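Residue 423 in our numbering is what sits at position 423 of the sequence shown, and the numbering runs on without skipping anything.
In this text, a Cβ means the ideal position worked out from N, Cα and C, and glycines have one as well.
Since we're looking at a predicted model, the values are computed, not measured.
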Amino acid sequence: MDSFNDVLNAAKDYCRQRLVDATYNLYIDGLEPVSFEGSGEAVLSVRNDFICKIVNDRYLPLLCEAFKAVLGFDVSVQLVVPAAPAAQPTGQQEPPALPNGRYDLTFENFIKGSSNQFAYAAAQAVAANPSGAYNPLFIYGSSGLGKTHLLSAIQFEIHKTRPEFNIVYVDCEKFTNEIITAIRGGTTEAFRQKYRAADVLLVDDIQFIAGKESTQEEFFHTFNTLHAAGKQIVLASDRPAKEIKSLEERVRSRFEWGLTADIQPPDFETRVAIIRRKAELLGLDIPDDVAEFIANHLKNNIRQLEGAVKKLNAYYMLEGIAPVIGVAQNAIRDILSETQPVPVTIEKIVNEVARTYNVSAADIRGSKRHSNVSAARRTAIYIVREITGMSMEDIGKEFGGRDHSTIVYAMRVIERDLKKDSHLQEMVSDIIKNTTGS
Ligand code: ADP
Ligand code: MG
């Protein structure tokens, strides 16, 4: 195997000279030798399905060429993804659970510009010295500007430099669901242990904590425990802490204890650089005029820039259509129509209200009359009416076949409550923001 290892290293070198660094590091560097048949079949392992697919789609010809250059004969290359190991070696933590299984969300692949360099520098500082001066790090910015990317990059980096660290990444919706389940099932102790054992805790989309009392309560104690023990906390939000209205003051003040960094939409140069990097990672050549054309038309959301590049890549890969302006025009049109705001569904509203009141969605639609369930139901009815403008009859059908007059009555009660209860007003406004994203 040693000699195969040497061959593989030489083949990797061959690839390195022909690829940009980011691509080489992501796709080729991590290939491991498995077996080599004298008949000319090299089996290599890749660390996950994502990388495997890209290497298969993109880099097999280059790898074959590399082996041929090293060995002087044709070699076929086969990739395998190892099954997850049954047990972790002691002392080593499992690799962090990455958001959406994305392995490309590293510092290296994060393009800096004036809009995001402060957040980037803060994230790097925290990754270099978790539990240092910036605790918590609170990153905020609109959707699609790179918050999850930075959280993920922090995880990668810390996992690399401190493999023994217990890094816990969670999005706030999951955190809330876990708390609710734990409270119902009497397992809050296990829940606490899980989060309080973290060396680094990253909570994504923390704005969803708005209005949720038991989540705020648990988060507060988790925060205090970790902070006092010098453990690093990183939070990401789509708005600054002061704009999350139904948030207890003691929780808000903790969000602001450390360092706050915002991310703004990228300027033109940064957008072009991001398009180039995304294309590079896919192995696609995009001409300058096409990159600039896309950057001129998609300005506020990096996820959309990436979507456009992926579309161009798909046209090229599937149909052999080169990325020219006309094709970019189609891609942009598709992206813009796909990202029209999805109509907010009643289900989404009911689920968010249910999480906020700590009741079940079925209860809200059902016939229970506990005061908490009734209050949640009224709030849900009110928000459905506000957002969708549905008729009282139709709303009644959605809420367990209630008749029109019941809905009218519920609306009257909540409108009266809203006038005198500022906490309820804030809660309703946060739920609307969290379900519509605006
Ligand atoms: P958010 O969490 O703020 O909604 P994400 O972190 O999910 O946004 O970013 C959306 C997409 O845009 C991701 O695929 C991410 O890799 C990409 N992205 C965002 N910012 C950058 C950047 N500065 N450089 C490269 N890619 C970026
Ligand atoms: Mg995100």
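Sort out for me which residues DSSP pairs Gln-232 with in a bridge. Val-200
Met-1 to Asn-9, Cα distance in whole Å? Note that Met-1 scores 46 on pLDDT, short of 50, meaning its location in the model is unreliable; the coordinates nonetheless yield the value given after this. Each residue's alpha carbon lies about 12 Å from the other.
Beta carbon of Gly-401, beta carbon of Gly-366: below 7 Å? no
Are the C-beta atoms of Ser-45 and some chain B residue less than 7 Å apart? Checking the listed chains, one finds no chain B in this structure; it contains a single protein chain.
Cβ separation of Asn-56 and Leu-79, assumed to be a contact under 8 Å, to the nearest whole Å: 6 Å
Assigned secondary structure, Tyr-103 (DSSP; H/G/I helix, E/B strand, else coil): coil
Glu-157 by DSSP, collapsed to three states: which one? helix
Note down the Cα distance separating Asn-434 from Val-272, rounded to an integer number of angstroms. 31 Å
Relative to the C-alpha of Tyr-14, which residue among Val-170, Ile-28, Phe-4 and Leu-284 is closest? Ile-28
By the three-class DSSP mapping on this structure, what secondary structure does Val-75 have? coil
Return the Cβ separation of Leu-298 and Pro-136 in integer angstroms, given the expectation that the two are a contact with Cβ distance under 8 Å. The pair is not a contact, with the Cβ atoms about 32 Å apart (cut-off 8 Å).
What number of angstroms, rounded off, separates the C-alpha of Glu-248 from the C-alpha of Gln-216? 8 Å
Just confirm the distance between the C-beta atoms of Ala-83 and Phe-67, as a whole number of angstroms; I'd bet it's less than 8 Å. Incorrect: roughly 26 Å between the Cβ atoms, too far for contact.
beta-carbon Thr-147 near the ligand ADP non-hydrogen atom, thresh 6 Å: A quick correction: the sequence has Lys, not Thr, at residue 147. The answer is yes for Lys-147.
Boundaries (first-last residue) of the beta strand (DSSP E) holding Glu-352: Taken as a continuous stretch (DSSP letters only), Glu-352 belongs to no beta strand (DSSP E), being part of the alpha helix (DSSP H) at 346-357.
Since Tyr-169 sits in a beta bridge, which residues does DSSP pair it with? Leu-202
Taking Asp-364 as the reference, give the member of Leu-19, Ile-432, Ile-395 and Asn-224 with the closest Cα. The residue asked about is misnamed: residue 364 is Ile in this sequence, not Asp. Of the candidates Leu-19, Ile-432, Ile-395 and Asn-224, the one whose C-alpha sits nearest the C-alpha of Ile-364 is Ile-395.
CB-CB under 7 Å to Leu-60, same chain, minus the five flanking residues each way: which ones, in chain order? Val-77
Tyr-409 burial status per 10 Å Cβ neighbour count (16 or more: buried): exposed
Where do the ends of the beta strand (DSSP E) carrying Asp-262 lie? 259-262
Quick check: the region 182-191 against the region 137-148, are there 3 or more CB pairs under 8 Å? no
Suppose only complete runs of 4+ residues qualify. What are the alpha helix (DSSP H) ranges in the region 3-52, listed by chain order? none
Sheet register partners of Ile-139 (DSSP bridge): Ala-236 and Ala-261
By Cβ distance, which residues of its chain are closer than 8 Å to Gly-40, with the 5 residues on each side in sequence left out? Phe-73, Asp-74, Val-75 and Ser-76
At least three beta-carbon pairs within less than 8 Å, the region 201-217 to the region 173-181: yes
Can you give the beta carbon distance from Ile-335 to Ala-308, rounded, assuming they're within the 8 Å contact cut? 6 Å
Helix, strand or coil at Val-290 according to DSSP, with G and I counted as helix: helix
Output yes or no for whether 7 Å exceeds the beta carbon distance between Glu-426 and Ser-246. yes
Can you tell me whether Gln-232 is buried or exposed? The criterion is at least 16 other CB atoms within 10 Å of its CB, across all chains shown. buried
Looking at the strands, I want to know which residues DSSP matches up with Val-80. Ser-45
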